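Contents: one structure, followed by commentary.
Here you go:
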């Protein structure tokens, strides 16, 4: 089963006992899942349970070499979608993608890796 | 202080830096 | 350490900011200091290591040559570039009269400069920066007999 990883995250992030929910505060940091993919087509969803005003999240896909004490999409090893303004990030560069998302929204992430 | 570094701020103790949401970004949109 | 640190806050060592033969400005003892005394805390902004890496490159781009980034532990760095205290002016020496130590005071980590030996009035306060090795060399002007030539 795929969970949020206890041992592949910034230590200050709070992981729930179910390992399906994570809570962060202050600066951006990253948690990855227990499993990754390297070929084929895969999909996952995330629900934003709580996101107080002025807070934000960046969700997406991350390679193993991405730094955990930074947001997903900071370097070349990650691709993320930001809640604020719906910007997508890769290598610390943002591009307009959609309108922003908020508390209560369910976000879907599909990756297609041809052989 | 202003002669050495114009925008320097003297502190009595360490302050924790409050990161901005865009802290790690080279460009926004 | 807690007792000594609290004493440091209430009874500060008298230090003088003055021209230095090592590098521009430095801190000098304005009273005799005995060995193993806490002299001053290195104060600045506590930032994450990832932010420090970012800032180091940014400062280099801005032409800020000197580094006022001081590693607290594997996760945190104290940055005295734009916010801090006098301790940022303490120069490096390959044969210093002080050393820096990270102490924990009420579960908070602090960087404190201690004297290695007795220091006379008028002596410049110095410690070994212990910069990591780098191909991009920073020349040392401490002038001591044990001078290694470079800070890194």
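Residue numbers (my numbering), protein chains in the order written: chain A, 1005 to 1119; chain B, -10 to 18; chain C, 83 to 234.
Note that CB positions come from ideal geometry on N, CA and C, so glycine has one too.
Fair warning: this is a prediction, and the values are worked out from it, not measured in the lab.
Residue i Cβ short of 7 Å to the ligand GTP heavy atom set
i: residue 185 of chain C; result: Because no ligand of any kind appears in the structure shown, any question about the ligand GTP cannot be addressed here.
Identity of the residues DSSP links to residue i by a beta bridge
i: residue 173 of chain C; result: C:208
i: residue 285 of chain C; result: This structure gives no information on residue 285 of chain C, because the portion of chain C shown stretches from 83 to 234.
i: residue 124 of chain C; result: C:193
i: residue 110 of chain C; result: C:98 and C:206
i: residue 115 of chain C; result: C:201
Contact set between residue i and chain C, taken where Cβ atoms lie within less than 8 Å
i: residue 1031 of chain A; result: 130 and 133
Contact set between residue i and chain C, taken where Cβ atoms lie within less than 7 Å
i: residue -4 of chain B; result: 164
CA nearest to the CA of residue i, picked from the options
i: residue 1090 of chain A; options: A:1014, A:1043, A:1080 and A:1061; result: A:1061
i: residue 185 of chain C; options: C:108, C:115, C:129 and C:124; result: C:124
i: residue 1039 of chain A; options: A:1023, A:1005 and A:1058; result: A:1005
i: residue 1057 of chain A; options: A:1088, A:1112, A:1114 and A:1102; result: A:1088
i: residue 86 of chain C; options: C:200, C:122 and C:110; result: C:122
i: residue 1055 of chain A; options: A:1046, A:1092, A:1041 and A:1086; result: A:1086
i: residue 224 of chain C; options: C:183, C:215, C:109 and C:178; result: C:178
i: residue 115 of chain C; options: C:232, C:217 and C:201; result: C:201
i: residue 109 of chain C; options: C:120, C:229 and C:99; result: C:99
i: residue 1076 of chain A; options: A:1059, A:1034 and A:1021; result: A:1034
i: residue 138 of chain C; options: C:232, C:149 and C:128; result: C:149
i: residue 1111 of chain A; options: A:1082, A:1045 and A:1053; result: A:1053
i: residue 158 of chain C; options: A:1109, A:1073 and A:1018; result: A:1073
i: residue 0 of chain B; options: C:230, C:120 and C:127; result: C:127
Contact list for residue i against chain B, beta-carbon separation under 7 Å
i: residue 1088 of chain A; result: 10
i: residue 1075 of chain A; result: 13
i: residue 1097 of chain A; result: 15 and 16
Under 8 Å from the C-beta of residue i: neighbouring residues of chain B
i: residue 136 of chain C; result: 12 and 13
i: residue 125 of chain C; result: 0, 1, 2 and 3
i: residue 167 of chain C; result: -1, 0 and 1
Residue burial classification, residue i (beta-carbon count within 10 angstroms, cutoff 16)
i: residue 204 of chain C; result: exposed
i: residue 88 of chain C; result: exposed
i: residue 1064 of chain A; result: buried
i: residue 1036 of chain A; result: buried
i: residue 165 of chain C; result: buried
>> Give the list of continuous beta strand (DSSP E) stretches no shorter than 3 residues that lie fully inside the stretch 1035 to 1110 of chain A.
In response: 1035 to 1037, 1044 to 1051, 1062 to 1066, 1082 to 1086, 1092 to 1094 and 1097 to 1099
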